[in-house]
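In our numbering, the protein residues as written are 25 to 80.
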């Protein structure tokens with residue numbers, strides 16, 4: 025259960041970073057910076073991998 029929660033948190037943070045990178049979510053120095061889109065995508069993939077691992 026804790027592994028699922030941690031993986032979901034990582035996934036949510038990655039999604040937030042990706043949305044800030046493309047400028048959907050504002051109010052941060054990350055807004056509109058394309059590098060945060062890529063960092064967010066990688067973080068989301070890590071979160072998905074964590075979910076798969078936690079539910080094996």
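We treat Cβ as the ideally placed atom computed from N, Cα and C, and that holds for glycine.
Small disclaimer: the values here were computed from a predicted structure and weren't measured.
Check: For residue 74 and residue 27, the rounded distance between their alpha carbons; Outcome: 7 angstroms
Check: Buried versus exposed, by CB contacts within 10 Å (16 or more), residue 77; Outcome: exposed
Check: Chain-order list of residues whose beta-carbon lies under 6 angstroms from that of residue 65 (same chain, five-residue window excluded); Outcome: 42
Check: Helix, strand or coil at residue 67 according to DSSP, with G and I counted as helix; Outcome: helix
Check: Residue ranges of each alpha helix (DSSP H) within the region 25-66, 4 or longer; Outcome: 26-45
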